[in-house]
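In my numbering, the protein residues as written are 100 to 551. The beta-carbon is built from N, C-alpha and C at its ideal position, and this holds for glycine as well.
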């Protein structure tokens, strides 16, 4: 439906924007609502002493396995820094651009692609050029409020409004300083601070639980003994080639055999089982017809995260799609595997009890009841799964992991009590992540109530 807006020429001239999008009525309504608040100010008034874009010249070759977390646009998710797929740079490299080093309870805003704002929960980090590093003059409580505001329906659209560009949208520093912010009293700031600090604490429990699960798995399997260096020359028997029907050298790298031998030495070869022996269901989902706001969730490959399913980003479809195709339905404790493309082999566990289906690039594994599904998901997401994905994946331009190849994966079957203990840590981490997101949502909702 066409919408017409009448804007004084003086406003157009002052703001130096001539596009109708900028003057969309929904943006005008948000601006008016904040101006009606008893006290309000512009972001630039509090973004002192730092409001600057991040490190300009840095290449992926400068990333290291551990060091100073390096925040990129992909790490800005839902109000806190998403550490699941974070990069690191050395302390020396960070110090070269020390002006944009941030500490806990500073902020990071997106500068390119899409609007986002996250509170820093890390002790220290630095940011890339597609982000804006922010330190305010107001302190921890205000920064917690500011993050909640910028993620609510009165803040995020203001950032969206200010993005410009056709090929890749960007947010200018001067324009971002104009974002209007309500200025509430200390009691409200304290309320939001409590919620946001709780979210930060829950996010840390999430990270700690998952790290502990990996550490226990590594100790049980002695994975540190798997050789790290690739051998340049190796051979295999023709019989093995004929049996595997694979003619690529990659498939026969001796490191894969080393992995199996290390696990066999740790727990006994009899305790290594193929997934084929452990599952009652192993198939890909089916591409659904997406229905916005539909009653059935859709998990596609984009929703399979480094550790857990991105439950708050799921797509949706209709009840009819759910009824028609039982093969793609998800049940609690199903293991879902990213089976095509960039992150092939990435694995999560589905822990929700709600109608959901998997798309065609997601492989569903349903395990026999004697195996802990969360434990198996962690194994597949660890070095054990990653190396076997390299071995059994097919294709050059786009790697595929078909159900038949997944069935060949060898899984270390630990004592049921140990499986359960590791699986409980995975489930606890998922619960902590959901708690963190719920507290963030509550903080956003309280800010919206304040403005309304």
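Keeping to the same chain, check which residues put their C-beta closer than 6 Å to that of residue 201; ignore five residues upstream and five downstream.
In the chain shown, residue 201 corresponds to position 102, counting from 1. Within its own chain, the residues whose Cβ lies closer than 6 Å to the Cβ of residue 201, once the five positions on either side in sequence are excluded, are 219, 224, 232, listed in chain order.
According to the neighbour-count rule (16 or more other Cβ atoms, all chains shown, within 10 Å of its Cβ), is residue 552 buried or exposed?
Residue numbering for the chain in the displayed model covers 100 to 551; residue 552 lies beyond these limits and cannot be assessed.
If you drop the 5 nearest sequence neighbours on each side, which residues of the same chain put their C-beta closer than 6 Å to that of residue 543?
Position 444 of the chain shown holds residue 543. Only 247, 250, 251 meet the Cβ criterion.
Return the chain-ordered list of same chain residues with a C-beta closer than 8 Å to the C-beta of residue 381, the five sequence neighbours on each side being excluded.
By 1-based counting over the chain shown, the position of residue 381 is 282. Within the same chain, residue 381 has close Cβ partners 374, 375, 462, 463, 464, 465, 502, 505, 506.
Do residue 432 and residue 384 have their C-beta atoms within less than 8 Å of each other?
Translated into positions along the chain shown, residue 432 becomes position 333. Translated into positions along the chain shown, residue 384 becomes position 285. No; because the gap between Cβ atoms is not below 8 Å, this pair is not in contact.
When 427, 426, 404 are compared against residue 445, the one with the closest alpha-carbon
Position 346 of the chain shown, counted from the first residue, corresponds to residue 445. Distance check between residue 445 and each of 427, 426, 404 places 404 closest, using alpha-carbon atoms only.
Name the DSSP beta bridge partners of residue 547, please?
What you label residue 547 is simply residue 448 of the chain shown in a count that begins at 1. According to DSSP, which records beta bridges pairwise, residue 547 is partnered with nothing at all.
Assigned exposure category for residue 394 - 16 Cβ within 10 Å defines buried
Here the question's residue 394 lines up with position 295 in the chain shown. Flag for residue 394 reads exposed.
In the DSSP assignment, what are the bridge partners of residue 269?
Taking the first residue of the chain shown as 1, we reach residue 269 at position 170. In the DSSP assignment, residue 269 is bridged to 211, 263.
Is DSSP giving residue 230 helix, strand or coil here?
Here the question's residue 230 lines up with position 131 in the chain shown. Secondary structure of residue 230 (DSSP, three-state): strand.
State the start and end residues of the unbroken alpha helix (DSSP H) segment that holds residue 294.
Working through the chain shown from its first residue, we reach residue 294 at position 195. Counting along the chain, residue 294 sits inside the alpha helix (DSSP H) bounded by residues 285 to 320.
Taking buried to mean at least 16 other C-beta atoms within 10 Å of its own C-beta, is residue 87 buried or exposed?
Residue coverage of the chain in this structure runs from 100 to 551, which leaves residue 87 outside it and unanswerable.
Three-pair Cβ contact test at 8 Å for the stretch 265 to 276 versus the stretch 127 to 134
The answer is no - the stretch 127 to 134 does not touch the stretch 265 to 276, with fewer than three Cβ pairs under 8 Å.
For residue 236, count neighbouring Cβ atoms within 10 angstroms of its own Cβ and tell me buried if that reaches 16, exposed if not.
Here residue 236 refers to the residue found at position 137 when the chain shown is read from its first residue. Flag for residue 236 reads exposed.
Starting from residue 447, trace the beta strand (DSSP E) in both directions and tell me its first and last residue.
As a position in the chain shown, residue 447 is number 348, starting the count at 1. DSSP places residue 447 in the uninterrupted beta strand (DSSP E) bounded by 446 to 449.
Please go through the same chain and pick out, in chain order, the residues whose beta-carbon is closer than 7 Å to the beta-carbon of residue 481, but skip the five residues on each side of it.
As a position in the chain shown, residue 481 is number 382, starting the count at 1. Closer than 7 Å at the Cβ level, and outside the excluded window around residue 481, lie 313, 316.
Kindly indicate which three-state DSSP category residue 376 falls into: helix, strand or coil?
Your numbering for residue 376 matches position 277 in the chain shown. Assignment of residue 376 by DSSP, reduced to helix, strand and coil, places it in the helix class.
How would you call residue 318, buried or exposed, if buried means at least 16 neighbouring beta carbons within 10 angstroms?
Your numbering for residue 318 matches position 219 in the chain shown. Exposed, since its Cβ has fewer than 16 Cβ neighbours within 10 Å.
Touching or not, the stretch 177 to 188 and the stretch 289 to 304, by the rule of three or more beta carbon pairs under 8 Å?
Yes, the stretch 177 to 188 is in contact with the stretch 289 to 304.
Nearest-angstrom Cα separation, counted from residue 281 out to residue 550:
Sequence index remark: in the chain shown, residue 550 carries index 451 (1-based). Sequence index remark: in the chain shown, residue 281 carries index 182 (1-based). Their backbone Cα atoms lie some 8 Å apart in a straight line.
Using the beta-carbon count (16 or more within 10 Å), is residue 423 buried or exposed?
In the chain shown, counting from the first residue as 1, residue 423 sits at position 324. Flag for residue 423 reads exposed.
Stretch pair the stretch 529 to 547 + the stretch 479 to 495: three plus CB contacts closer than 8 Å:
Cβ pair count under 8 Å is below three, so no.
Pairs of beta-carbons, one from the stretch 485 to 499 and one from the stretch 273 to 290, closer than 8 Å: are there three or more?
Taking 8 Å as the limit for Cβ pairs, the verdict is that the stretch 273 to 290 does not touch the stretch 485 to 499.
Here's the rule: buried if 16 or more other CB atoms are within 10 angstroms of the residue's CB, otherwise exposed. What is residue 407?
Residue numbering aside, residue 407 sits at position 308 when the chain shown is read from its first letter. With 16 or more Cβ atoms within 10 Å of its Cβ, residue 407 is classed as buried.
Can the beta-carbon of residue 457 be found closer than 8 Å to that of residue 443?
The residue you call residue 457 lines up with position 358 of the chain shown. The residue you call residue 443 lines up with position 344 of the chain shown. Between residue 457 and residue 443, the C-beta gap is not smaller than 8 Å, which leaves the two residues out of contact.
In or out: residue 140 buried (at least 16 other Cβ within 10 Å) or exposed?
In the chain shown, the residue the question calls residue 140 occupies position 41. It is exposed - the Cβ of residue 140 has fewer than 16 other Cβ atoms within 10 Å.
In three-state terms, what does DSSP make of residue 182?
Locating residue 182 in the chain shown gives position 83, where the first residue counts as 1. Of the three classes helix, strand and coil, the one that applies to residue 182 here is coil, per DSSP.
At the level of alpha carbons, what is the spacing between residue 290 and residue 221?
Your numbering for residue 290 matches position 191 in the chain shown. Your numbering for residue 221 matches position 122 in the chain shown. Approximately 22 Å, taken between the alpha carbons.
Ordered list of alpha helix (DSSP H) runs contained in the stretch 374 to 459, each at least 4 residues:
Whole alpha helix (DSSP H) segments, 4+ residues: 374 to 377, 418 to 423.
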